[in-house]
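Residue numbers (the numbering used here): 50 to 322.
We put the CB at the ideal spot given by N, CA and C, even for glycine.
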Amino acid sequence: MRDDQAGKVAESAPSAARAGAAGGGPRPRRGLSRNDPRQYDDLADEWWDPDGAFAMLHWLARARAELIPPARRPGAVLADLGCGAGLLAPWVADRGYRHVGVDLVRSALVQAATHGVRPVQADVAAVPLADGSADVVAAGEILEHVPGWPRVVAEAARILRPGGLLVLDTLNATALSRLVAVRLAERLPGVPRGIHDPRLFVDARALVRECGRFGITLRVRGVRPAARGLVRWLVRRAVRRAARTGDDPGDAPRIVPTWSAAVLYQGWGVKER
Ligand SMILES: C[S@@+](CC[C@H](N)C(=O)[O-])C[C@H]1O[C@@H](n2cnc3c(N)ncnc32)[C@H](O)[C@@H]1O
């Protein structure tokens, strides 16, 4: 595996998280390995910028929220594993959950709290929530960031109450995914370099099997940004940047199902026992 695919990110800039002049998006500061969570501190200003480095996380959060039904009881808990700055919050605010966000990175949790998320600073491999305490567990774009995702699935299953719902999205462990999500994506303007370590990507079949061990029949489907919406957004973003306008980018692409789960996929399933 090449150095720019795993381990230390080859091209690092002296100051963190500035858009690369030679193409590509923000680069990690010198010395940080791929997937080092400290990158999220350096990118903290990007979280809530709908045109920023985490733009696609906003689109995915909306699509994830569409899989989450309204709470079925008062005080129902939505545990958001790897919640980041709480991008899921606006999309589930009207669903009646107590939204608890678990993340390692304090700067992200501080922002999540301002969006109504109850922050818990912890590793998703050891979630400090009681067994059966969550009605919904959301694991959006987190499994591909942890060494040992089965441990996180076990934690999600442990904190889910019987009848509770697991909702997730992640990147598949395929050659196509490594090509699209790392080698190609990281050449695009605005996409942070080094945020993914392709060695951690999550094989969809293995994930379904692992969930099955805990009584969760996970359904999986490939998703992608809608092509026309993506092109429109890219063009309008370029115009907004050139004109330096802070216009509301109300044109975010929708995430739509696609025939292949080889790159990005959603999973959802109820814990039956
Ligand atoms: C790609 S972001 C996804 C954030 C959020 N789920 C979203 O979709 O907007 C990954 C998040 O996982 C967090 N993270 C990475 N490894 C973690 C770990 N072991 N335990 C808890 N959080 C972790 C990072 O700090 C970051 O906020």
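Are the region 104-123 and the region 71-91 in contact at 8 Å, needing three or more beta carbon pairs?
As far as the Cβ criterion goes, the region 104-123 does not touch the region 71-91, which means the pair count is below three.
Excluding sequence positions up to five away, which residues of its chain have a Cβ less than 8 Å from the Cβ of residue 300?
278, 281, 282, 285
Is it the case that the Cβ atoms of residue 181 and residue 152 are separated by a distance below 8 Å?
Not a contact, by the Cβ cut-off of 8 Å.
Let me check one thing: in DSSP terms, what residues is residue 19 bridge-paired to?
Examination of residue 19 is not possible in this model, given that the chain is present from 50 through 322 alone.
Please report the Cβ distance between residue 216 and residue 187, rounded to the nearest whole angstrom; I am assuming they are in contact, meaning their Cβ atoms lie under 8 Å.
5 Å
Starting from residue 189, follow the beta strand (DSSP E) in both directions and report where the run begins and ends.
Element bounds for residue 189: 183-189.
Residue 196 classed as buried or exposed, judged by whether at least 16 other C-beta atoms fall within 10 angstroms
Residue 196 is exposed by the Cβ-count criterion.
Please classify residue 63: is it buried, with 16 or more other beta-carbons within 10 angstroms of its beta-carbon, or exposed?
Its pLDDT being 30, under 50, residue 63 is placed unreliably in this model, and the coordinates cannot settle the point.
Across which residues does DSSP place residue 128 in a beta bridge pair?
Residue pairing by DSSP puts residue 128 in a beta bridge opposite 149, 186.
Can you name the start and end residues of the beta strand (DSSP E) that residue 306 belongs to?
304-307
Does the beta-carbon distance from residue 218 to residue 190 come in below 8 Å?
yes
Cβ neighbour criterion (16 or more within 10 Å) applied to residue 321:
exposed
Reduced DSSP secondary structure (H/G/I, E/B, other) of residue 400:
Missing from the structure shown is residue 400; the chain here goes from 50 to 322 and no further.
Could you check what DSSP says for residue 60 in three-state terms: helix, strand or coil?
Since pLDDT at residue 60 reaches only 34, below the 50 mark, its modelled position is unreliable, and the value read off the structure follows with that caveat. DSSP places residue 60 in coil when its eight states are reduced to three.
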